[in-house]
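In our numbering, the protein residues as written are 4 to 115.
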């Protein structure tokens, strides 16, 4: 890979570099090289919905659970709230931009 990058920087065409490598015994197709060099799908970072869902799930977890004196995580009274009340509480206290669907997914994943 570094050799091909050096040759490209020197001004040689990729196809001519690959032809030279093929005659030397290294069989590399041009589309294989493009696939290696192209960023893979999903490497641009997590999707915006994934990030917002994680923030909402963290907010739901912080409201619905508390830690007792023994260090165990226990259900708080707010953990018994329904989806609409949790959504209103989260919007009022932590995340004003939280959506109903994100709260619904967070509560399902937390088993609430």
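Even for Gly, the Cβ is constructed at its ideal location relative to N, Cα and C.
- Message: Can you give me the C-alpha to C-alpha distance between residue 8 and residue 28, rounded to a whole angstrom?
- Response: For the purposes of this step, residue 8 is identified with residue 5 of the chain shown, where counting begins at 1. For the purposes of this step, residue 28 is identified with residue 25 of the chain shown, where counting begins at 1. Going from the Cα of residue 8 to the Cα of residue 28 covers about 19 Å.
- Message: For a test of the three-state rule: what should DSSP assign to residue 78, helix, strand or coil?
- Response: On the chain shown, position 75 is the one that residue 78 refers to. Strand, per DSSP.
- Who are the near neighbours of residue 94 in its chain, counting only those whose CB is closer than 7 Å to its CB and skipping five residues on each side? As a first step, residue 94 is located in the chain shown; it is residue number 91 there, counting from the start. Excluding positions up to five away in sequence, the list reads 101.
- Message: Quick check: residue 59 and residue 106, are their CB atoms within less than 8 Å of each other?
- Response: Position 56 of the chain shown holds residue 59. Position 103 of the chain shown holds residue 106. Cβ distance < 8 Å, so residue 59 and residue 106 count as in contact.
- On the DSSP bridge assignment, give the partners of residue 70 in chain order. Position 67 of the chain shown, counted from the start, is the residue given in the question as residue 70. Bridge partners of residue 70: 76.
- Task: Tell me whether residue 100 sits in a helix, a strand or coil according to DSSP, three-state version.
- Result: The residue labelled residue 100 in the question sits at position 97 within the chain shown. In this structure, residue 100 counts as coil in the three-state DSSP scheme.
- Given a cut-off of 8 Å, decide if residue 90 and residue 103 are closer than it, judged by their beta-carbon atoms. Position 100 of the chain shown, counted from the first residue, corresponds to residue 103. Position 87 of the chain shown, counted from the first residue, corresponds to residue 90. A contact, by the Cβ cut-off of 8 Å.
- Task: Can you grab the Cα-Cα spacing for the pair residue 108 / residue 63, in whole Å?
- Result: Looking up residue 108 in the chain shown gives position 105. Looking up residue 63 in the chain shown gives position 60. The straight-line gap from Cα to Cα measures roughly 10 Å.
- Taking residue 36 as part of the alpha helix (DSSP H), name the residues at either end of that continuous run. Within the chain shown, residue 36 is the residue found at index 33, counting from 1. That run of the alpha helix (DSSP H) goes 33-40.
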